[in-house]
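Engineer:
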Amino acid sequence: MSPVTEPVEHQEESLFEAPPIAEQERMVEAILFATADPITVAELSARMPHGCDPAEALVYLRKRYEGRGVSVMKVGDAWAIRTAPDLGFLMQKETVETRKLSRAAIETLAIIAYHQPVTRAEIEEIRGVSVSRGTVDQLLELEWIRFGRRKMTPGRPVTFVVTQSFLDHFGLENARDLPGLKELRAAGLLENRPAPGLTPGPESEDEDEDVEGQSELFED
244 MSPVTEPVEH QEESLFEAPP IAEQERMVEA ILFATADPIT VAELSARMPH GCDPAEALVY
304 LRKRYEGRGV SVMKVGDAWA IRTAPDLGFL MQKETVETRK LSRAAIETLA IIAYHQPVTR
364 AEIEEIRGVS VSRGTVDQLL ELEWIRFGRR KMTPGRPVTF VVTQSFLDHF GLENARDLPG
424 LKELRAAGLL ENRPAPGLTP GPESEDEDED VEGQSELFED
């Protein structure tokens, strides 16, 4: 169990004594249960009575949920109650039905996750084919990727990074928890393609697509 290390802003003095830690634990549990999106320690602190220590309450709550059907998970800098990782297969049908991605989208998402921040040109170089505007739009609409900072290179191309929603959906604390590239290839999520430069040039995912329209993603 990793310790809760997120700093909490200094709280004002209160005339009232803080509730017992067991009661604080119940408060944190109630907030996490009712909140769809992960919530930070600072946000928990703002909702709880003065003098409460949500970080300490999270330590006890996380331990109490060990081995249960749901667990208290850290998602980036926030916390949430989620299905235990080993029971994720029970949700597989719903996940497949609601999150259908093309192979191009899966490969693009994987490259962004492993190489972030990464530009469209870098994604195309790694994949060996052009990245269609529709593929990027789909990942943006899912809120699994977002625009990052522009690179300080000629043209100042925009970069892409994965979002907290991506980490939350796949039950990851941070991008370092991603499986290795060999595991992705073994699962059929990445193809073994010729190294960039061995082919005449990048092929296109969608030859009928208006490539010029892709420049919209790079404008200020």
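329 is the number that the working numbering gives to position 86 of the sequence shown; each next residue is one higher, with no gaps.
We treat Cβ as the ideally placed atom computed from N, Cα and C, and that holds for glycine.
1) Looking only at its own chain, which residues have a Cβ that is under 8 Å from the Cβ of L441, when we skip the five neighbours before and after it?
2) Which residue spans inside the segment 304-357 form an unbroken alpha helix (DSSP H) run of at least 4?
3) If you drop the 5 nearest sequence neighbours on each side, which residues of the same chain put their C-beta closer than 7 Å to that of R290?
4) Following the continuous alpha helix (DSSP H) through F409, name the residue where it begins and the one where it ends.
5) Per DSSP, which residues does R269 bridge with? Please list them.
6) Are L421 and G319 closer than 7 Å when you measure CB to CB?
7) When DSSP builds the beta bridges, which residues end up paired with V219?
8) From the DSSP secondary-structure annotation, give me the bridge partner or partners of T283.
9) Please determine, among M395, E386, P292, the residue with the shortest C-alpha to C-alpha distance to V404.
10) To the nearest whole angstrom, what separates the beta carbons of P400 and T362, a pair I think is in contact under 8 Å?
Structural biologist: Let me lay it out:
1) What you label residue 441 is simply residue 198 of the sequence shown in a count that begins at 1. Caution applies to L441, whose pLDDT of 36 falls short of 50 and renders its modelled position unreliable; the model cannot decide the point.
2) 335-341
3) Sequence index remark: in the sequence shown, residue 290 carries index 47 (1-based). Once the five neighbours on either side are set aside, the close Cβ partners of R290 are I274.
4) Indexing the sequence shown from 1 puts residue 409 at position 166. F409 -> alpha helix (DSSP H) spans 407-412.
5) Along the sequence shown, read from residue 1 onward, the residue named residue 269 stands at position 26. Paired residues: none, contrary to the question.
6) By one-based count along the sequence shown, residue 421 stands at place 178. By one-based count along the sequence shown, residue 319 stands at place 76. Contact flag unset, no.
7) Nothing in the structure corresponds to residue 219, since the chain is present only between 244 and 463.
8) The count along the sequence shown starts at 1 and reaches residue 283 at position 40. Here T283 is bridged, per DSSP, to A321.
9) The residue labelled residue 404 in the question sits at position 161 within the sequence shown. Taking V404 as reference, the option from M395, E386, P292 with the minimal CA-CA separation is E386.
10) Position 157 of the sequence shown, counted from the start, is the residue given in the question as residue 400. Position 119 of the sequence shown, counted from the start, is the residue given in the question as residue 362. P400 to T362, Cβ: 4 Å. Contact.
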